[in-house]
Amino acid sequence: MGRRTMLRGSALAAGGALLGGAVGALTMDAAFAAGAPKVYSRSDWRARSPKVAIQVLDRAPTHIVVHHTATSNTSDTSKSHAAALSRAIQRHHMDTNGWSDTGQQLTISRGGHVMEGRDRSLAAIRDGRHVLGAHTANHNSHTIGIENEGLYTSEEPPEVLFDALADTCAWLCSVYGLDPSEAIVGHRDYNATACPGDELYAMLPRLRRKVRYRLDGALIRLSYFERRVVAPEELPGYPPVPEEERRALFYHGPAWGRGDVPS
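Whatever position you read off the sequence shown (first residue = 1), add 329 for the working numbering.
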């Protein structure tokens, strides 16, 4: 039995104890709704239709990957700006990268607005399933990606963004039955990249603690839709961070590799 499987079993037992042993007390819909942040749908930000049907896997992701968008640290915190950012990312991913759709499943603006990314992401989360994205090379089949607006190589994200990220991660952990201390990682943990920037990466331990606090406070029994030993190739590899990584709009390191299906 793998270490993560053991941790998940412990978390499940703890969740049952918190609720007086009421295992099975929450339905999937209840787990989805409990503590869920406001997530603006693709129709809210006027997304284009994907080029082809997006693939949904009948299993949960094992990790949540934190990214930055490598765009300017704007002072515009409006919802309209967040919507425009989502459209810009989609244009870049579809028209420049040649992908089917937006690569990541969720995007958080500097104003703390959470946006659905790749098509069918919200529905898949609701069902405890996983939309196959294009955000972490060779690991898209088991990771859900969150793009955080900005460039965090030498600057911390605004608190409103960080709080929204914590809320979002807590929601995903509750729906998918993930242990935040194990599941929340940075893009650089899998690929050779500076993403999500030194400052945001250094905040990941704080993020994990914050998510744990939210989970404990909500008394949500974690729902497990996939119980299996995690394969070694699914674990973070911790490759070296490049000393000089190219700077380009929306570029945050390798997002698709030979081990991935077409994006």
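Note that beta-carbon positions come from the ideal geometry of N, C-alpha and C, so glycine has one too.
Quick test of your reading: residue i and residue j, contact by CB under 8 Å. State the CB separation rounded to the nearest angstrom.
i: Ile310; j: Leu490; result: Outside the modelled stretch of the chain, which goes from 330 to 592, sits residue 310, for which no answer is possible.
i: Met532; j: Glu485; result: 7 Å
i: Lys367; j: Val443; result: 7 Å
i: Gly582; j: Cys524; result: 4 Å
i: Gly440; j: Thr398; result: Their Cβ separation, rounded to whole angstroms, is 13 Å, which puts Gly440 and Thr398 out of contact at 8 Å.
i: Trp500; j: Ala389; result: About 13 Å separates the two Cβ atoms, so there is no contact after all.
i: Arg377; j: Met423; result: 7 Å
For residue i, does the count of other Cβ atoms within 10 angstroms reach 16, so buried, or fall short, so exposed?
i: Pro571; result: exposed
i: Pro569; result: exposed
i: Val540; result: buried
i: Tyr542; result: exposed
i: Val590; result: exposed
i: Ser415; result: buried
i: Asp448; result: buried
i: Glu511; result: buried
i: Arg517; result: buried
i: Thr594; result: There is no way to answer for residue 594, as the model of the chain reaches only from 330 to 592.
i: Ala411; result: buried
i: Gly515; result: buried
Could you spell out the range, first to last residue, of the beta strand (DSSP E) harbouring residue i?
i: Glu476; result: Thr472 to Asn477
i: Ile513; result: Ile513 to Gly515
i: Leu435; result: Leu435 to Ile437
i: Ile393; result: His392 to His397
i: Glu445; result: Val443 to Glu445
Closer than 7 Å by C-beta to residue i: which residues in its own chain qualify, once you throw out the five before and the five after it? Chain order, please.
i: Ser429; result: Pro379, Lys380, Val381, Ile383 and Ser592
i: Tyr580; result: Ala399
i: Ala584; result: Gly432, Ala463, His464, Thr465 and Ala466
i: Tyr481; result: His397, Pro525, Gly526, Glu528 and Leu529
i: Ala495; result: Leu536, Lys539, Val540 and Arg543
i: Ala493; result: Pro366, Ile437, Gly441 and Val443
i: Val460; result: Ile383, Val385, Gln434, Arg447, Arg449, Ser450 and Ala453
In terms of residues, what are the limits of the alpha helix (DSSP H) holding residue i?
i: Leu501; result: Glu488 to Tyr505
i: Glu528; result: Asp527 to Ala531
i: Leu414; result: Lys408 to Arg420
i: Leu451; result: Ser450 to Arg455
Suppose the cutoff is 8 Å on Cβ atoms and the five residues either side in sequence are ignored; what does the same chain contact list for residue i look like?
i: Ser370; result: Glu445 and Leu451
i: Ala519; result: The sequence given here has Tyr at residue 519, not Ala. Cβ neighbours of Tyr519 beyond the five flanking positions: Val394, Thr465, Ala466, Asn467, His468, Thr472, Pro565, Gly566 and Pro568.
i: Gly349; result: Because Gly349 carries a pLDDT of 36, less than 50, the predicted location of this residue cannot be relied on, and no value is offered for it.
i: Ala521; result: Pro568, Pro569, Val570, Pro571, Gly582 and Pro583
i: His421; result: Leu578 and Phe579
Return the chain-ordered list of same chain residues with a C-beta closer than 6 Å to the C-beta of residue i, the five sequence neighbours on each side being excluded.
i: Ala577; result: none
i: Thr497; result: Pro366 and Val443
i: Glu488; result: none
Is the CB of residue i under 8 Å away from at least one CB in chain B?
i: Glu562; result: Absence of chain B from the displayed structure is noted, only one protein chain being present.
If you measure from the CB of residue i, is any heavy atom of the ligand NAD nearer than 7 Å?
i: Val395; result: Of ligands this structure carries none, so the ligand NAD is not represented either.
Stretch pair the region 449 to 461 + the region 498 to 512: three plus CB contacts closer than 8 Å: When Cβ pairs closer than 8 Å are counted between the two stretches, the region 449 to 461 is seen to touch the region 498 to 512, the count reaching three or more.
The region 387 to 396 / the region 468 to 475 touching (three or more Cβ pairs under 8 Å): Short answer: they touch.
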